[in-house]
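Student: In the UniProt record's numbering, the protein residues as written are 1 to 297.
Idealized CB from N, CA, C, for every residue including glycine.
Since the model is a prediction, treat every value here as computed from it, not as a measurement.
(1) Would you call the CB atoms of residue 171 and residue 256 closer than 8 Å?
(2) Using DSSP with H/G/I as helix, E/B as strand and the rest coil, what is residue 76?
(3) By Cβ distance, which residues of its chain are closer than 8 Å to residue 160, with the 5 residues on each side in sequence left out?
(4) Roughly how many whole angstroms lie between the Cα atoms of residue 2 and residue 180?
(5) In three-state terms, what does DSSP make of residue 236?
(6) Just checking, does the segment 100-108 make contact with the segment 3-13 on the three C-beta pairs under 8 Å criterion?
(7) Provide the residue span of the beta strand (DSSP E) that contains residue 94, from first to last.
(8) Looking at C-beta atoms only, is the number of pairs between the segment 133-148 and the segment 238-254 that lie closer than 8 Å three or more?
(9) Kindly indicate which three-state DSSP category residue 297 falls into: helix, strand or coil?
(10) Residue 281 lies in the beta strand (DSSP E); which residues open and close that run?
(11) For residue 39, which residues in the same chain have their Cβ closer than 7 Å to its Cβ, ignoring the five residues on either side in sequence?
(12) Please classify residue 107: does DSSP put it in a helix, a strand, or coil?
(13) Of the choices 241, 78, 60, 156, whose alpha-carbon is the least far from that of residue 32?
(14) Please identify the residue among 94, 68, 71 whose C-alpha is closest to the C-alpha of residue 294.
(15) Smallest Cα separation from residue 287: which of 21, 220, 102?
(16) For residue 241, does the three-state DSSP call read helix, strand or coil?
(17) Would residue 218 and residue 232 be called neighbours here (beta carbons separated by less than 8 Å)?
(18) Whole-angstrom Cβ separation of residue 240 and residue 276, contact assumed at under 8 Å?
(19) Going by C-alpha distance, which of 152, 283, 132 is nearest residue 319?
(20) Look up residue 159 in the DSSP assignment and say whether it is helix, strand or coil.
(21) When the Cα atoms are used, what is the spatial distance from residue 116 to residue 122?
(22) Once DSSP output is grouped into helix, strand and coil, what is the label at residue 246?
(23) Sorted by chain position, which residues of the same chain lie with C-beta nearer than 7 Å to residue 268's C-beta, five sequence neighbours on each side aside?
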């Protein structure tokens, strides 16, 4: 029974993350926790008393109950909560751990290029630090029944990458089940580096053998998970570009991809595949960490 944490952005009029619930049938075996995160009033950020915060939380809780009432009326299992925060991404991570969430639905805010270079944000911090699978919800209207793109990386065959592929597939299968969708495997192929002249028959054979080997691995992975060859795509190019083009061609509802955490300057310069894909697609993106990831939060 999946547990889904739904993040409410009070400044968003459409409540896109909450609307994703409506695309999952009420009879689906899913529990939802809908949380509104309450920031201290700007003038009292450091001085807000417990009673003032409590009063504000009660008022917001009443508003939140009204917001989910139509969903409760048709059979969705929803708990609501209002949580005060100082650093939003930290409280979201803690909420997910508290309820043992299987996935977080979080509305995605677009960022200007200037802000992306010079400032951190909740979205970027969650991508880097959140151990729970994170669905960043775009403003597309519907995803129910649309293809789910599972981004697979078979170029590295160590245990960590094998496990990450397995985690990506598990999350894609969970979404496919509750959204009544089909999974499409997409792999960005990187040709073998050959030091001889490109026209050399040996160079061609090395490149061809490399392609055939990786294609066979991809087909084997698809067969392992019961995915037909018509739903398998292997294209040469950078992973972010291949995924964005593939999702657009399929009119996909979700891209599921694995990522690893980074540290140091990466807090300022965001550039891994997950973040690059977000900049290139209007599709929802589900970011999955490897099983061994431990958050510093």
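Tutor: Looking at the coordinates:
(1) Position 171 of the chain shown, counting from 1, holds the residue named residue 171. Position 256 of the chain shown, counting from 1, holds the residue named residue 256. Against a cut-off of 8 Å, the Cβ pair of residue 256 and residue 171 comes out as a contact.
(2) By one-based count along the chain shown, residue 76 stands at place 76. Three-state result, residue 76: coil.
(3) Along the chain shown, one-based indexing puts residue 160 at 160. Correct list, in chain order: 290, 292.
(4) Here residue 2 refers to the residue found at position 2 when the chain shown is read from its first residue. Here residue 180 refers to the residue found at position 180 when the chain shown is read from its first residue. Looking at the two C-alpha atoms, the distance is approximately 15 Å.
(5) Start at 1 with the first residue of the chain shown, and residue 236 comes out as number 236. The answer is strand: DSSP assigns residue 236 an E or B state.
(6) yes
(7) Here residue 94 refers to the residue found at position 94 when the chain shown is read from its first residue. Premise fails: residue 94 lies in the alpha helix (DSSP H), 88-98, not in any beta strand (DSSP E).
(8) yes
(9) Counted from its first residue, the chain shown places residue 297 at position 297. Coil at residue 297, not helix or strand.
(10) One-based indexing of the chain shown puts residue 281 at position 281. Note, residue 281: premise wrong, no beta strand (DSSP E); not H, not E.
(11) The count along the chain shown starts at 1 and reaches residue 39 at position 39. Hits under 7 Å: 85.
(12) For the purposes of this step, residue 107 is identified with residue 107 of the chain shown, where counting begins at 1. In this structure, residue 107 counts as strand in the three-state DSSP scheme.
(13) In the chain shown, counting from the first residue as 1, residue 32 sits at position 32. It is 78 whose Cα lies nearest to the Cα of residue 32.
(14) In the chain shown, the residue the question calls residue 294 occupies position 294. It is 94.
(15) Mapped onto the chain shown, residue 287 falls at position 287. The option with the nearest alpha carbon to residue 287 is 102.
(16) Here residue 241 refers to the residue found at position 241 when the chain shown is read from its first residue. Residue 241 falls in the helix class under three-state DSSP.
(17) Indexing the chain shown from 1 puts residue 218 at position 218. Indexing the chain shown from 1 puts residue 232 at position 232. Contact flag set, yes.
(18) Numbered from its first residue, the chain shown carries residue 240 at position 240. Numbered from its first residue, the chain shown carries residue 276 at position 276. Indeed they touch by this definition, with Cβ atoms about 4 Å apart.
(19) Since the displayed the chain opens at 1 and closes at 297, residue 319 lies outside it and no answer follows.
(20) Along the chain shown, read from residue 1 onward, the residue named residue 159 stands at position 159. Three-state result, residue 159: helix.
(21) By 1-based counting over the chain shown, the position of residue 116 is 116. By 1-based counting over the chain shown, the position of residue 122 is 122. Here the model assigns residue 116 a pLDDT of 42, short of 50, so the residue's position is not dependable and the matter cannot be decided.
(22) Working through the chain shown from its first residue, we reach residue 246 at position 246. Residue state, collapsed to three classes: helix.
(23) Residue numbering aside, residue 268 sits at position 268 when the chain shown is read from its first letter. Confidence at residue 268 is low in this model, with a pLDDT of 35, below 50, so the placement of that residue is unreliable and no value is reported for it.
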